[in-house]
Every structure is written in structure tokens, then in C-alpha cells.
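Notes to accompany the following structure.
Residue numbers (the working numbering): 7 to 148.
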């Protein structure tokens with residue numbers, strides 16, 4: 007998927023790969039990259055004034071995907087780019103890329119649904135949440 011980066015400046019989050027996050031091959035364990043993606047996503051949300059652990063809504067992930075393109079190893083410095091690519095009625099889609107220098111080492115996506123904590127059902131994104139995120143949404147081309 008091609009993203010029109012001119013629409014919005016992507017959020018970047020630096021991270022250094024810890025030894026505990028590698029597997030027997032010396033590369034990042036696939037589950038660990040999702041934790042780094044989540045850290046970047048949380049910092050993106052925080053930069054927009056959104057806190058996860060407050061209020062009557064929850065934001066569980068309902069879909070995750072990732073393609074590993076280059077080796078990411080212990081002590082590598084990566085930068086994770088977070089792009090909000092879809093703001094739906096009740097969902098948010100982020101596309102994420104992990105860069106090693108100028109090269110994309112991994113790319114993935116996360117879909118989050120807005121859920122009422124009491125009923126555990128999907129609900130429309132509250133207007134205040136939508137307002138905080140709307141200006142960060144990037145457009146897709148192609």
C-alpha cells in the first residue's frame with residue numbers, strides 16, 4: 007500500500023533492540039517487534055493527547071500483520087514510523103514501518119476497534135477522540 011506522506015508528517019519513534027527481544031538466530035523475535043510497534047503507537051497517541059487507560063472506552067487490537075524485510079538484530083537502532091491510514095466509524099488503522107537507517111526492515115499494520123468497556127461491544131469513536139486523530143490521518147494513493 008502506498009501512502010501519500012505529503013498529507014501528514016509521519017510520527018517516528020526510536021528504539022534500540024534489546025538482547026531479550028532476540029531469538030536463537032540472533033534476530034528480533036517476531037513477537038518483540040509487535041511490542042516495539044505498540045510502544046510507537048502509544049507514543050503517537052500520547053502526542054495527540056490520547057491516553058489508553060482512561061474513560062469508558064477501550065481500544066483493543068483486532069488485526070495485526072507484519073512483513074520482515076531485513077534482519078533486525080540485537081543492539082540495532084531502529085526508528086518506527088507510525089501512519090494513521092484509516093479513521094473509520096469505530097476503528098483506527100495504523101501502518102507501521104521499522105527503519106534501519108534509510109532502509110525499511112519491517113512493515114506492518116494494526117487495526118484497533120473502539121469498545122465500550124461495560125458491554126464489550128464496538129462503538130463509534132467518540133467525537134473528542136476523532137478530533138484528536140483526524141488531522142493525523144494520511145491519504146493513500148494507488
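Glycine included, each C-beta is placed from N, C-alpha and C at the ideal position.
**Request:** Whole angstroms is fine: what's the gap from residue 11's alpha carbon to residue 73's?
**Result:** Unreliable placement is indicated for residue 11, whose pLDDT of 42 sits below 50; no coordinate value is reported for it.
**Asked** At which residues does the beta strand (DSSP E) containing residue 97 begin and terminate?
**Response** Segment 97-106, the beta strand (DSSP E) holding residue 97.
**Prompt:** What are the boundary residues of the alpha helix (DSSP H) that includes residue 92?
**Reply:** Here residue 92 belongs to no alpha helix (DSSP H); instead the beta strand (DSSP E) covers 83-93.
**Message:** Checking the sheet assignment: what are the DSSP bridge partners for residue 22?
**Reply:** Beta-bridge pairing by DSSP links residue 22 to 83.
**Request:** Check residue 78 in the structure and name its three-state DSSP category.
**Result:** It is coil, neither helix nor strand.
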